[in-house]
Structure formats: C-alpha cells, structure tokens
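Numbering (our numbering), first residue to last: 91 to 306. Notes follow once the structure below has been shown.
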C-alpha cells in the first residue's frame, strides 16, 4: 500500500542568481554603430533603450500607439495579449526624431518591419551586431536592464522607474535595482566614522584609529 512517508525527500533546487549585465555607454555606442546598416534592428534597439521595453513589446508596437503630439509611446496591448512589464512612456527628442524619420519609410501599422512586413524576432540580426561590436555575454533583455540602471545613475527615483518599467509592485523594482542608486547604503558604509569623530580625535596613528573605530 502506498504511503506518503515512503516518498523520498527531494530538496528544491536553489534559485539561480539573477542576471546582471548592464551595458556601459561605450558598449551601447559600439552596438548601435554595428547595427547602423541594419535599419530594422537599429530602430528596435533605440526603442528598447528609450522605452526600457522588452523585445516582444517593441516588435508588437504599432504606429497608432506612438503619439508624436504628446511625445508618448504606449507599449500596452489594448485588447487581448501579454501585458507584463508594459507602460506608457515618454519619448526623448532623439528617439522621437528617429521614429519620425523611420515612419516616412513605413507603409504598415507595425513600427519595426523588415522588407515592409512585421517581424517576430530580431535574434539573428541582434547576435550578428553583438559579434561585430565585440561584446560578450549580451542578451536582448540586457538593454531593458541597461535603461533602468542608467535612469538610477541619473538620480531617478525607484518609484518612477518602477512605473516606467511597468512593474506590478515597487518591491520588484527595489529588489533588482536598489543597489544601483548612487547613494545606496552610503550612510551605512560611513556610519562607523561617527565614532571616530567623537572618540578618536586624539589618536595619531592609523593603527590606533582602526582599533578605536572598527574594532571598538
């Protein structure tokens, strides 16, 4: 007779370490330069960086959701379909200008097209550009991560970035991006100096300061 206690214990595997590969500004410049002669990839990369949108959301974007008058891009799907991590975000001047120029060559409602038709993947073109730019270990989703990290480095708040990314909760954003804030844990790192200011002023050597402020 089958008994529950006879089932061997199988431990749950540990969660993998979250991927962390933001690109530097120099790397992004090399990537865009490598994609310059592949128009559909180039505009897709600009959108991924400028909106922090996932590749799927960018490839599903249609011109009726690009509002040049309000300077906004709506990555959300109006009817049925995926809505994960999608928001309405503003366009910066450079992205708006690039989209206006790109729209002049388009005769379909899809924004990212190849030979006049919508596409479902930029994987091949993306990987080729990555190789040509001599970049290592870069995936499409890293551009979304890069955009968020750059916003934080520019002193944007976690709350605003969470909305920009379309996250369902602030906790989700904080867990991934809090450490990229310029002042993150700075006060904690410097707090031991307070004891030095109060009780170590008369000590002369580095050894004495270390004993006073760190060892206690």
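Note that CB positions come from ideal geometry on N, CA and C, so glycine has one too.
Span of the beta strand (DSSP E) holding residue 266?
Careful: residue 266 lies outside any beta strand (DSSP E), inside the alpha helix (DSSP H) at 260-267.
Three or more C-beta pairs closer than 8 Å, one from the region 108-120 and one from the region 150-165: is that the case here?
Not touching, per the Cβ criterion.
Cutoff 8 Å; reference residue 232; Cβ partners in own chain excluding five residues on either side
So the list reads 109, 111, 112 and 113, once near-sequence residues are dropped.
Are residue 121 and residue 143 touching if we call contact CB-CB under 8 Å?
The answer is no: Cβ separation not under 8 Å.
Taking residue 137 as the reference, which of 152, 130, 129 and 148 has the closest Cα?
For residue 137, the nearest C-alpha among the options comes from 148.
Evaluate contact between the region 196-207 and the region 224-240, counting only Cβ atoms and requiring at least three cross-stretch pairs below 8 Å.
Output reads no: the region 224-240 does not touch the region 196-207.
With DSSP collapsed to three states, give me the class of residue 239.
Here residue 239 sits in helix by DSSP.
Count the other CB atoms, across all protein chains shown, that sit within 10 Å of the CB of residue 100; report buried if there are 16 or more and exposed otherwise.
Residue 100 is exposed by the Cβ-count criterion.
C-alpha gap between residue 190 and residue 241, whole angstroms:
C-alpha separation (whole angstroms): 24 Å.
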